[in-house]
Ligand code: COA
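In the numbering used here, the protein residues as written are 8 to 381.
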């Protein structure tokens, strides 16, 4: 058996930003336009008018200040309200592969590795732009990696579940180095016309290289333990899928074809699940909360992270102990905890312990306990 380690990470950040002010302005214009169109039905009491969104609510309820997206022009156009991403030719790199490639190259560079050293690519994301061939295999080919590749989807927990799968294969010796990439185009499945959720998501791609500890070319994070758990819930759901054509109502664009959630229930049900998951994982590895130097949490909601941080550490986390990136990136699904890790781990000292934890639809929760090595 070998000891797996994270030797490099990379983040691809799209060039376009949507601030809360821009988002709310576009949504309110859409709401006014829709209400004018539906004036008769609203007057007759048949439908409710759409209420305005507010910047104050978004910041207070979530902690989000802005988000990066692959296309803001469509999202901010009250006549469109979704990103406009052109259909690419089959012989062009797909958009998910292109984003993942950028993050993967950064992770390889940080680790002092080339694509030839990687014999497994896992593309783990909350949505995949096509059913097959696997996006991971396209990324493998574009990078020039030998070995094999596959896609997986565990919603917001895709990255940590991917890291567990990769770490287990490195541990057993079936692969020597694995890239886990998380291209998340959340703007594609967010319902921008629903004020309850239109502020939640952003786009990004992350990559994590996992190798044998003894192969590391420089400072790295030894993977001490990983743990994944799932429990079925309909509180975060998307009913889009390949059987869409076969339904009696055909390909109609229904609300449930995009991201749906009961945010309050998620909040209440996921918090105890995650807190217990982390506490049990640490206890089984004989790690006390005083031993933990850093928590890289899933980036969905600031209040949620504050709660989990306090529960895990037994006190209010000090500045930097539980870094949030959601104010800049919003919720980037599986990539969030990896961005937090990538941007806030280099300052740790040899021997320091930290924990990555993601959680979300499924429900699903995944945690990775790490130790900084020289
Ligand atoms: N602007 C102004 N008001 C808004 C609004 C907006 N954009 N969106 C909702 N509101 C209103 C609601 O209509 C509601 O009004 P009411 O009290 O009159 O019914 C009120 O604000 C509170 O809405 P609610 O949805 O209960 O807010 P919340 O405090 O639960 O915050 C979330 C919403 C989504 C930020 C929060 O529930 C959350 O983050 N949940 C966890 C999500 C998560 O972790 N998901 C997993 C990953 S996908």
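C-beta atoms are modelled at their ideal positions from N, C-alpha and C, and glycine is treated no differently.
Near the ligand COA: residue i beta-carbon under 8 Å from a heavy atom
i: residue 263; result: no
i: residue 203; result: yes
i: residue 68; result: yes
i: residue 163; result: yes
i: residue 77; result: no
i: residue 311; result: yes
i: residue 307; result: yes
i: residue 74; result: no
i: residue 367; result: yes
i: residue 65; result: yes
i: residue 271; result: yes
i: residue 268; result: yes
i: residue 60; result: yes
i: residue 374; result: no
i: residue 211; result: no
i: residue 82; result: no
i: residue 228; result: no
Straight-line Cα distance separating residue j from residue i
i: residue 189; j: residue 106; result: 9 Å
i: residue 140; j: residue 147; result: 12 Å
i: residue 86; j: residue 214; result: 35 Å
i: residue 269; j: residue 254; result: 25 Å
i: residue 205; j: residue 341; result: 18 Å
i: residue 317; j: residue 324; result: 6 Å
i: residue 275; j: residue 38; result: 30 Å
i: residue 279; j: residue 158; result: 30 Å
i: residue 203; j: residue 95; result: 32 Å
i: residue 154; j: residue 82; result: 39 Å
i: residue 299; j: residue 13; result: 18 Å
i: residue 287; j: residue 371; result: 16 Å
i: residue 273; j: residue 242; result: 6 Å
i: residue 346; j: residue 45; result: 42 Å
i: residue 295; j: residue 289; result: 7 Å
i: residue 238; j: residue 338; result: 21 Å
i: residue 261; j: residue 251; result: 10 Å
i: residue 377; j: residue 64; result: 36 Å
i: residue 314; j: residue 277; result: 11 Å
i: residue 25; j: residue 9; result: 44 Å
i: residue 200; j: residue 34; result: 7 Å
i: residue 67; j: residue 212; result: 26 Å
i: residue 179; j: residue 361; result: 24 Å
i: residue 88; j: residue 80; result: 9 Å
i: residue 387; j: residue 283; result: Past the edges of the chain, shown from 8 to 381, lies residue 387, and the structure says nothing about it.
Cut-off 7 Å between Cβ atoms - residues of its own chain near residue i, not counting five sequence neighbours on either side
i: residue 334; result: 70, 71 and 72
i: residue 225; result: 119
i: residue 115; result: 15, 121, 122 and 216
i: residue 266; result: 196, 197, 198, 204 and 245
i: residue 62; result: 27, 28 and 31
i: residue 144; result: 156
i: residue 76; result: 21, 23, 25, 82, 90, 194, 209 and 210
i: residue 138; result: 249
i: residue 59; result: 35 and 38
Host alpha helix (DSSP H) of residue i (start-end)
i: residue 147; result: 142 to 150
i: residue 167; result: 165 to 179
i: residue 380; result: Not the alpha helix (DSSP H): residue 380 falls in the beta strand (DSSP E), residues 371 to 380.
i: residue 335; result: 333 to 336
Cβ shell of residue i (< 8 Å), same chain only, five flanking positions each side left out
i: residue 151; result: 122 and 123
i: residue 248; result: none
i: residue 320; result: 296, 299, 302, 328 and 329
i: residue 181; result: none
Sequence-distant residues of the same chain with beta carbon closer than 6 Å to residue i, five excluded per side
i: residue 235; result: 168, 171 and 373
i: residue 36; result: 85
i: residue 103; result: 136, 142 and 190
i: residue 174; result: 11, 217, 230 and 233
i: residue 240; result: 370
i: residue 113; result: 17
i: residue 125; result: 152, 184 and 186
i: residue 348; result: 303 and 363
i: residue 380; result: 227 and 229
i: residue 263; result: 246
i: residue 351; result: 330
Where the beta strand (DSSP E) through residue i begins and ends
i: residue 396; result: Outside the shown range of the chain, which is 8 to 381, sits residue 396, and nothing can be said about it.
i: residue 191; result: 184 to 192
i: residue 289; result: That residue, residue 289, is in no beta strand (DSSP E); its alpha helix (DSSP H) goes 270 to 291.
i: residue 232; result: 227 to 237
i: residue 304; result: 299 to 304
i: residue 208; result: That residue, residue 208, is in no beta strand (DSSP E); it is neither H nor E in DSSP.
i: residue 127; result: 127 to 131
i: residue 307; result: Neither: residue 307 is in no beta strand (DSSP E) and is coded neither H nor E.
i: residue 156; result: 155 to 159
i: residue 19; result: 11 to 19
i: residue 73; result: 73 to 76
Report task. State whether the segment 44 to 62 contacts the segment 148 to 163, with contact taken as three or more CB pairs (one from each stretch) at a distance under 8 Å. Result -> no
Query raised in the report: At a cut of 8 Å, does the segment 364 to 372 reach the segment 299 to 312 through at least three beta carbon pairs?
Result: yes
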